[in-house]
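> Residue numbers (this note's numbering), protein chains in the order written: chain A, 4 to 181; chain B, 49 to 489.
Backbone N, C-alpha and C define an ideal beta-carbon position, used for all residues, glycine too.
Bear in mind the structure is a predicted one, so any value in this text is a computation, not a measurement.
(1) For the putative contact between residue 140 of chain B and residue 76 of chain B, defined by C-beta atoms under 8 Å, what is the C-beta separation to the nearest angstrom?
(2) Reducing DSSP to helix, strand and coil, say where residue 110 of chain B ends up.
(3) With distances taken Cα to Cα, identify the nearest neighbour of residue 126 of chain A among A/81, A/62 and A/70.
(4) With DSSP as the reference, identify every bridge partner of residue 438 of chain B, one or two as the case may be.
(5) If you follow the alpha helix (DSSP H) that residue 210 of chain B is part of, which residue opens it and which one closes it?
(6) Anything in chain A within Cβ reach of residue 279 of chain B, meaning under 8 Å, just list it in chain order.
(7) Decide if the region 84-97 of chain A is in contact with the region 380-392 of chain B; the criterion is three or more beta carbon pairs, one per stretch, under 8 Å apart.
(8) Between residue 448 of chain B and residue 483 of chain B, how many whole angstroms is the CB-CB distance? I'm expecting something under 8 Å.
(9) Below 7 Å CB to CB, which residues in the same chain sit around residue 56 of chain A once its five sequence neighbours on both sides are set aside?
(10) Tell me whether residue 152 of chain A sits in a helix, a strand or coil according to DSSP, three-state version.
(11) Please classify residue 312 of chain B as buried or exposed, where buried requires at least 16 neighbouring CB atoms within 10 angstroms.
(12) Whole-angstrom Cβ separation of residue 434 of chain B and residue 117 of chain A, contact assumed at under 8 Å?
(13) Can you give me the start and stop residues for the alpha helix (DSSP H) that residue 205 of chain A sits inside?
(14) Just grab the DSSP bridge partners of residue 346 of chain B for me.
(15) Which residues does DSSP pair with residue 281 of chain B in a beta bridge?
(16) Have a look at residue 136 of chain A and residue 61 of chain A and give me their C-alpha separation to the nearest angstrom.
(17) Please tell me whether residue 116 of chain A has its Cβ less than 8 Å away from any Cβ of chain B.
(18) Give every residue of the same chain whose Cβ lies closer than 6 Å to the Cβ of residue 258 of chain B, excluding the five residues on either side of it in the sequence, and list them in chain order.
(19) Name the DSSP beta bridge partners of residue 461 of chain B, please?
(20) Using a cut-off of 7 Å between C-beta atoms, extract the partners of residue 129 of chain A located in chain B.
(21) Buried or exposed, going by whether 16 or more other CB atoms sit within 10 Å of the CB of residue 168 of chain A?
(22) For a quick check, are the C-beta atoms of residue 242 of chain B and residue 216 of chain B less than 8 Å apart?
(23) So is residue 231 of chain B in contact with chain A if we call contact Cβ pairs under 8 Å?
(24) Helix or strand or just coil, what does DSSP make of residue 485 of chain B?
(25) In chain order, what residues of the same chain have a beta carbon less than 6 Å from the beta carbon of residue 419 of chain B, not counting five sequence neighbours either side?
(26) Opposite residue 125 of chain B in the DSSP bridges: which residues?
(27) Kindly indicate which three-state DSSP category residue 136 of chain B falls into: helix, strand or coil?
(28) With a cut-off of 8 Å, does the C-beta of residue 125 of chain A fall near any C-beta of chain B?
(29) At the level of alpha carbons, what is the spacing between residue 226 of chain B and residue 475 of chain B?
(30) What in chain B is Cβ-close to residue 158 of chain A, meaning under 9 Å?
(31) If the cut is a Cβ gap below 7 Å, which residues of chain B does residue 155 of chain A touch?
(32) Using 8 Å as the limit for Cβ to Cβ distance, is residue 446 of chain B near chain A?
(33) State the CB to CB distance for the pair residue 171 of chain B and residue 191 of chain B, rounded to an integer number of angstroms; the pair is presumed to be in contact (CB under 8 Å).
(34) Exposed or buried, residue 394 of chain B, counting other C-beta atoms within 10 Å across all chains shown (16 or more means buried)?
(35) Given that residue 259 of chain B touches chain A, what residues does it touch there, using C-beta distances under 9 Å?
(36) Compare the C-beta of residue 90 of chain B against all C-beta atoms of chain A and say whether one is closer than 8 Å.
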């Protein structure tokens, strides 16, 4: 089978829109600045993993179907309606899957001084944590950490990226909270 | 460490080679605070090699003295191609008329001798228009490996005699060296000379490190590290690179540390339950003391040089502003009232000014104000300027400037307090969060 056929079949199986223009010369994926690697997201938060999604007790189900992240307005740590909806789902999942512990990561966009953003990320992570506690998740299963502006997921310097970076991400694990 | 090999021999006053006194037109003097419009012309003829084989060092050291002086923006160099007379010997009388004719106001002559690994550098500074030496001759002794420090020492003495300010060239800077893409940035602590030379790494890049700060003597560095999985404060010994963590309770995040002026205490921010307040820890006893207790963010604390006060930022008014309070806590007094937001304040080692980051109308600035908040002056403007740090003489600042976009990254810049001499510090790769150490002994 030639490489062209391989990529067409792979794309068909995955049903990813990024594959509508496959690399017909089989030269590999060209990752320009801001490019999209169709393979990179397979196990990541935006990728699609059929096996995980099929099992509602899996971490994949938590991060993709329930939703592991919420967004914030500029310089704010208040939870909007959409964020509260996601957190209600997270709480439900954590109550059902009681072996899991969760670390809530707070993040900020790059518009701000380094120290302030660490403190702002702590506020955001804690707002999510307190909401989860209000929904019945035991405090002992939750921890928070702030990364400030140190871990952006979107790298452009305009609002489309900043909005993605102002986030709190709930990371679940079966291990110790440290 | 170079430092441990370093000995400054007693200031050796050499016999005046030329005692001819003439009436000066203008004293050889630069007032830095007024901002220099016309840089002062100087010449550094190649230093004399007093021993065989010292020629290259003599050349390099005299070049470094020139570079240090030029980097201040206060001087301009008279090119050697226009020299009328040469200075072949350190003890030979200076032909003032020849230097006056090419409008050289300050003349630096020197001599270098090498004996094994020992290096001796002598210099004299002449006020050409007065026809007299400015200060006596000085001699520094150290090692061949430490030759750059000897050059910086000479330049510090020249700068100091002409400006009346302490120098800052023989100093080091600790900073965060960054590499990798913006969404997977690797950070490690590094130390370098003030001019970007002699970079040495102090940590690896396994964990995020933030905002290192020197102890008053430069022997230790405080910084925030994520190596435990959570932000915690480490104390690192510069000579041994050994480090220990400040004790923190589970659930707490500690960051933004800074030493007290005696180096025995650490003031820092602790985030607990989403709220960030200021605390002090005594390094010897481990005793923690709470300084603030407010539902707002209190961070970026910095001591006054006399140790009695702390300047910090707080958003208790609704957005980030600067406050000053007693070093033992108590009611803070707001000092910033201009447009926009103010953060990362640093008290000048001279005590007269506070440097800060200002965010206004989508731009970032480095600025200075008096300690009561008056006479605010912005020194820079860009997409993202932040984290000022003072040169040991309190007359120059270094800060982080980050460029925008997917390929953007941070570099270090310096600017003097008049805002007239903005320069990028020559560091390979991305660099951020500089902290300027003391003038070395």
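To lay it out plainly:
(1) So it is not a contact: roughly 21 Å between Cβ atoms.
(2) In the displayed model, residue 110 of chain B falls within a helix according to three-state DSSP.
(3) The residue from A/81, A/62 and A/70 with its alpha-carbon nearest to that of residue 126 of chain A is A/81.
(4) Bridge partners of residue 438 of chain B: B/445.
(5) Judged by DSSP secondary structure, residue 210 of chain B falls within the alpha helix (DSSP H) whose first and last residues are 195-211.
(6) Under the 8 Å cutoff, chain A gives 121, 148 and 149.
(7) Not touching, per the Cβ criterion.
(8) Contact check for residue 448 of chain B and residue 483 of chain B: beta-carbon distance about 11 Å, past the 8 Å limit, so the pair fails to qualify.
(9) Result list for residue 56 of chain A: 63, 64, 67 and 68, in chain order.
(10) In this structure, residue 152 of chain A counts as coil in the three-state DSSP scheme.
(11) It is exposed - the Cβ of residue 312 of chain B has fewer than 16 other Cβ atoms within 10 Å.
(12) Correct: roughly 7 Å between the Cβ atoms.
(13) Shown here, chain A extends from 4 to 181; a query on residue 205 of chain A therefore has no answer.
(14) DSSP lists B/362 as partners of residue 346 of chain B.
(15) Looking at the DSSP output, residue 281 of chain B bridges to B/272.
(16) Approximately 22 Å between the Cα atoms of the pair.
(17) Yes, residue 116 of chain A lies at the interface with chain B (some Cβ there is under 8 Å from its Cβ).
(18) Hits under 6 Å: 272.
(19) Per DSSP, B/447 and B/472.
(20) For residue 129 of chain A, the chain B residues whose Cβ falls inside 7 Å of its Cβ are 321 and 322, in order along the chain.
(21) Note on residue 168 of chain A: 16 or more other CB atoms within 10 angstroms of its CB, so buried under the neighbour-count rule.
(22) Yes, they are a contact pair.
(23) Yes, residue 231 of chain B lies at the interface with chain A (some Cβ there is under 8 Å from its Cβ).
(24) Strand.
(25) Scanning its chain for C-beta atoms nearer than 6 Å, with the 5 sequence neighbours on each side dropped, one finds around residue 419 of chain B the residues 402, in chain order.
(26) Among the bridge pairs identified by DSSP, residue 125 of chain B is matched with B/90.
(27) It is coil, neither helix nor strand.
(28) Taking 8 Å as the threshold, the shortest C-beta distance from residue 125 of chain A to chain B falls below it.
(29) If I take the Cα positions, the gap works out to 11 Å.
(30) Residue 158 of chain A reaches chain B at 229, 230, 231, 453, 454, 455 and 456, counting residues in chain order whose Cβ is nearer than 9 Å.
(31) Simply 230 and 231.
(32) Judged by the 8 Å Cβ criterion, residue 446 of chain B is not in contact with chain A.
(33) Actually they do not touch by this definition, with Cβ atoms about 18 Å apart.
(34) Classification for residue 394 of chain B: buried.
(35) Under a criterion of Cβ atoms nearer than 9 Å, the residues of chain A adjacent to residue 259 of chain B are, in order, 117 and 118.
(36) Interface with chain A (8 Å Cβ-Cβ cutoff): residue 90 of chain B is excluded.
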